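Residue numbers (numbering that gives the first Met the number 0), protein chains in the order written: chain G, 0 to 240; chain W, 0 to 240; chain H, 0 to 240; chain L, 0 to 240.
For each residue, glycine too, the CB sits at the ideal point set by N, CA and C.
None of the values given here were measured: they were computed from a predicted structure.
Heads up, the thing below is written out as structure tokens.
Number of protein chains: 4
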Amino acid sequence: MKAFEVLKKHEIDALIVIGGDGSMSGAKIFQEEHNIPVIGIPGTIDNDIFGTDYTIGFDIAVNVAVDCIDKIRDTASSHDRLFLVEVMGRDTGHIALRTALTSGAVAVLVPEGPMSIKELHEHLAYLKSKNKSSNIIIVAEGNPTGNAFEVAAQLEALHSFYETRVSVIGHIQRGGTPSVAYRVLAAELGTYAVVSLIEGAKGLMVGVIDRNMTRTPIEDAVNQRNGLNEELFRISDYLSV
Amino acid sequence: MKAFEVLKKHEIDALIVIGGDGSMSGAKIFQEEHNIPVIGIPGTIDNDIFGTDYTIGFDIAVNVAVDCIDKIRDTASSHDRLFLVEVMGRDTGHIALRTALTSGAVAVLVPEGPMSIKELHEHLAYLKSKNKSSNIIIVAEGNPTGNAFEVAAQLEALHSFYETRVSVIGHIQRGGTPSVAYRVLAAELGTYAVVSLIEGAKGLMVGVIDRNMTRTPIEDAVNQRNGLNEELFRISDYLSV
Amino acid sequence: MKAFEVLKKHEIDALIVIGGDGSMSGAKIFQEEHNIPVIGIPGTIDNDIFGTDYTIGFDIAVNVAVDCIDKIRDTASSHDRLFLVEVMGRDTGHIALRTALTSGAVAVLVPEGPMSIKELHEHLAYLKSKNKSSNIIIVAEGNPTGNAFEVAAQLEALHSFYETRVSVIGHIQRGGTPSVAYRVLAAELGTYAVVSLIEGAKGLMVGVIDRNMTRTPIEDAVNQRNGLNEELFRISDYLSV
Amino acid sequence: MKAFEVLKKHEIDALIVIGGDGSMSGAKIFQEEHNIPVIGIPGTIDNDIFGTDYTIGFDIAVNVAVDCIDKIRDTASSHDRLFLVEVMGRDTGHIALRTALTSGAVAVLVPEGPMSIKELHEHLAYLKSKNKSSNIIIVAEGNPTGNAFEVAAQLEALHSFYETRVSVIGHIQRGGTPSVAYRVLAAELGTYAVVSLIEGAKGLMVGVIDRNMTRTPIEDAVNQRNGLNEELFRISDYLSV
Chain G
0 MKAFEVLKKH EIDALIVIGG DGSMSGAKIF QEEHNIPVIG IPGTIDNDIF
50 GTDYTIGFDI AVNVAVDCID KIRDTASSHD RLFLVEVMGR DTGHIALRTA
100 LTSGAVAVLV PEGPMSIKEL HEHLAYLKSK NKSSNIIIVA EGNPTGNAFE
150 VAAQLEALHS FYETRVSVIG HIQRGGTPSV AYRVLAAELG TYAVVSLIEG
200 AKGLMVGVID RNMTRTPIED AVNQRNGLNE ELFRISDYLS V
Chain W
0 MKAFEVLKKH EIDALIVIGG DGSMSGAKIF QEEHNIPVIG IPGTIDNDIF
50 GTDYTIGFDI AVNVAVDCID KIRDTASSHD RLFLVEVMGR DTGHIALRTA
100 LTSGAVAVLV PEGPMSIKEL HEHLAYLKSK NKSSNIIIVA EGNPTGNAFE
150 VAAQLEALHS FYETRVSVIG HIQRGGTPSV AYRVLAAELG TYAVVSLIEG
200 AKGLMVGVID RNMTRTPIED AVNQRNGLNE ELFRISDYLS V
Chain H
0 MKAFEVLKKH EIDALIVIGG DGSMSGAKIF QEEHNIPVIG IPGTIDNDIF
50 GTDYTIGFDI AVNVAVDCID KIRDTASSHD RLFLVEVMGR DTGHIALRTA
100 LTSGAVAVLV PEGPMSIKEL HEHLAYLKSK NKSSNIIIVA EGNPTGNAFE
150 VAAQLEALHS FYETRVSVIG HIQRGGTPSV AYRVLAAELG TYAVVSLIEG
200 AKGLMVGVID RNMTRTPIED AVNQRNGLNE ELFRISDYLS V
Chain L
0 MKAFEVLKKH EIDALIVIGG DGSMSGAKIF QEEHNIPVIG IPGTIDNDIF
50 GTDYTIGFDI AVNVAVDCID KIRDTASSHD RLFLVEVMGR DTGHIALRTA
100 LTSGAVAVLV PEGPMSIKEL HEHLAYLKSK NKSSNIIIVA EGNPTGNAFE
150 VAAQLEALHS FYETRVSVIG HIQRGGTPSV AYRVLAAELG TYAVVSLIEG
200 AKGLMVGVID RNMTRTPIED AVNQRNGLNE ELFRISDYLS V
């Protein structure tokens, strides 16, 4: 009610909302109740919104994680230590997968492709037999095997020769100066959101797929899910061996 | 000759070369002379290679420039000063345009769309009349109007009320820790280069266009030119007003 | 034995060792066994070596922690959340105290000045009554009250209105590009170590106290402890209120 | 006049001013005209204020310069190129000297110890004969030999085999996130300024000398000059060879 009054007072006749599924669902309801056209812009670090390859915030969240892991790697040369780094991502592994790929991690635990401690241990043993030097494992917060401390404890219990170290990046990932990729995406989506309103669109979320601007009904964007990039998963696997 | 001996000695039967037009042209000749298949990966900060949207190095070069300009903006609140920042890019404006867009510059001088001092002055006067607060101008090293000091001197000569400050980023832009976008691109192109060799390809450069992996004859990649992204130019213009 | 052979072979007649108490104690024994003069340079992030105000590594470790916390603060505006950040420091609170002071934390748990959960809760309640906006607590790894997750759980158990978030910086703190203060200290201590050897000193650790170069017997440096800077403790207290 | 009204209205009975000589001189006059006690805190990147070892802003300005030069060094391996980097500092060489020391520069041109092009050339030739690998020269903006472009041109004119590259850091140095050393100094000086006012002091600038808090009459702080740290000059010389 109050929001509507404010819009009327300032003669604002359309709304652009930047946020995740909560914000966009709310905006959609607002549009229906007050007949104000709404356009959504996907803004979350988790990259879990359907209808766009990337959400605003995702690139910087991964850059922050990778920057942290680069620092860990400075002292990660000791071969008998495992470094477990827990990253955000809610119930998706977008951040974790991209972080793993770009930080040279040997394994990544994500909700979309669970790995048991036994499988993880076998993978580590295989890499050791290949003299793979990296010893960093990325743990997505939403993965079913456990958080970073739990995974570390289970690995140590399994084989006493693992000495583990844990970092939990947590809300560090929600801050930082926007990267260039972030700013370009924001400029493109913001411009396209305005263009869309001018063209009479409403109830849609703007996005970018294969570098083309797209529009998706907000309810689809919110109810469906942006799957992991299978190709990146495959490349990450190649590179970790 | 010597390079070929080294390859033979180590039983290397194909070559992947990462670099700009010089490196790739040389590799092409090497392929013809020694019948060794060659695949090129576009690696230059200038983003001027045909056959790919992005070259490895471009994203980090822009991030470095924008990071510098963020620091300038910390003290750029004085309204009667103009800050001219010269960036690299050889005879293209890719770095300059992307830097201008993502650092909120009011104007950008690039080789592809020259602007006379008179036009620049009129643009600045117009923005002043609109109370635009930013006062940062990006100058591409290869633009015909002049380098940053020359442009500053000409503006000051034209109207004594401009007080100008110049930064020349220069080779600072060639360093820095690789960004995530850079690493993802490198992983994708590197993987695709290997796949291409396995498939029997040669004399081609791998690239990415609209997020799809592509292959372009090295001579085309080197002889043609990657034009500026017109859409970004237009968005940059919108946002600077 | 082997180290001594290497020195003899290369006609090295003195040793400068950079490290913590372990490295320096070992070097002292080496000096006694082989009659090779040894000078120590305090190199540890923990700043716990006696005979110097600062150790090499300390400044950058704190900068890394503060950089992380600056990112947390970007989203830490929500008033009912507590952010607990665990930093390194072994059994001293040097890193934690300096991090707390320079990141505007509301409380810091260090080994040297333990605080019970009850005291911490009272402190937080007092600050809340003063409308203090920061909500970041620094937890030194060696403090007796518990690690960051344990402290968070105890606070939540005590009063259900605390919603807590935890980051564990861990080995991220052991990396990063050396800061200027770090490099200046390294240049000063390195130069003074060489000068000391030339002057015939041995079995000593070089350090800096009140900006004057000092020398301390290695056994004192290792056996005694660098106490917390009481003045910083007091200032940190002022500023947190 | 107006400032005095504001103070009276808000019942403010003392003033702490943070700034360089201009701000502090002005505050001193204000104190005399209105009988309001004033304490100064030295805040300038140039470190040229008498009565303190360090000014607030100095550490971060040097860190920004060194961060830029670290990026240049990433590609500065080519042995026949000279990189000239111009830094700020007004008519003192504090920033330049500390930057040179901590970035491994082979030479530094400062106002306090001028070096002719001929001397610089001889120094470079000597280093070349020693196979010194660095090729970075720091140019203080206020040095009498010329700005970075002028020095580069003169070197190239003297000997055609120098290929030079120039970066001008300029106002980039005035921004950036405060470093830990900066924040500690600010906390110490701020606290001591308040303590000083409570003790009845006025017309003084607080500072830190050899890690002890000090007070200096504002007119001395402004009229005298903080000389270069001779010891650092000497160490920088050692390390450049």
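By the Cβ test, the segment 37-44 of chain L is in contact with the segment 16-26 of chain L, since at least three Cβ pairs between them sit closer than 8 Å. Contact between G25(G) and I44(G) is ruled out by a C-beta separation of about 19 Å, above the 8 Å threshold. With a beta-carbon spacing of about 34 Å, A64(G) and I28(G) fall beyond the 8 Å limit used to define contacts.
Rounded to the nearest angstrom, the Cβ distance from I135(W) to A104(W) is 5 Å, consistent with a contact under 8 Å. Bridge partners of A139(G) according to DSSP: V86(G). With contacts defined by Cβ atoms closer than 7 Å, G50(H) and A220(H) form a contacting pair. Annotation: the continuous alpha helix (DSSP H) that includes V183(L) extends over V179 to I197. For L100(G), the nearest beta carbon of chain W is closer than 7 Å to its own beta carbon.
Within the segment 190-203 of chain H, those residues whose Cβ lies closer than 8 Å to any Cβ of chain L are, in chain order, T190. Using a Cβ-Cβ cut-off of 7 Å, S166(H) is close to V167, I168, G169, H170 and I171 of chain G, given in chain order. Your pair E85(L) and V167(L) checks out as a contact, with CB atoms roughly 5 Å apart and the cut at 8 Å. Across the structure, V150(H) and E187(H) are spaced so that their CA atoms are roughly 40 Å apart. The beta carbon of S235(W) lies closer than 6 Å to those of A99 and L100 in the same chain, with the five residues before and after it left out. Contact between I59(G) and G175(G) holds: their C-beta atoms lie close to 5 Å from each other, under 8 Å.
DSSP places A13(G) outside both helix and strand once states are collapsed to three, so it counts as coil. In the DSSP assignment, V65(G) falls within the alpha helix (DSSP H) that extends over F57 to R72. In the three-state scheme derived from DSSP, where H, G and I count as helix and E and B as strand, R210(W) is classed as coil.
Just so you know, the alpha carbons of R97(H) and P216(W) end up roughly 58 Å apart. In the structure shown, L227(G) falls within a coil segment according to DSSP collapsed to helix, strand and coil. By alpha-carbon distance to L227(H), the top candidate from N211(H), A156(H), A200(H) and A139(H) is A139(H). Those residues of the segment 52-65 of chain W placed with their C-beta closer than 8 Å to a C-beta in chain L are V63, ordered along the chain.
Under the 7 Å criterion on CB atoms, I137(G) is classed as non-interfacial with respect to chain H. When C-alpha distances from D52(H) are compared across E218(H), I208(H) and S239(H), the shortest belongs to I208(H). Boundaries of the alpha helix (DSSP H) harbouring A26(H): D20 to H33, taken from the DSSP string. Shown in chain order are the members of the segment 221-240 of chain L whose Cβ falls below 9 Å from a Cβ of chain H: E230, L231, R233, I234, S235, Y237 and L238. In this structure, DSSP gives A95(H) a helical state, which the three-state scheme calls helix.
Here the alpha carbons of M114(W) and R80(W) stand approximately 20 Å from one another. For D209(W), the residues of chain G that pass the 9 Å Cβ criterion are D209, R210 and N211, in the order they occur in the chain.
Within chain H, no residue has its CB atom less than 9 Å from the CB of V109(L), the nearest being about 17 Å off. About 5 Å separates the CB atoms of V179(L) and N62(H); that is less than 8 Å, so the two are in contact. Considering only G21(W), M23(W) and Q30(W), the residue with the shortest C-alpha distance to F3(W) is Q30(W). CA-to-CA, the gap between Y191(L) and K1(G) works out to about 48 Å. For G175(G), at least one C-beta of chain H is nearer than 7 Å to its own C-beta. In this structure, S22(L) sits away from I68(L), with a CB-CB distance that is not shorter than 7 Å. Judged by DSSP secondary structure, A106(W) falls within the beta strand (DSSP E) whose first and last residues are A106 to L108. Among the bridge pairs identified by DSSP, T163(L) is matched with L81(L).
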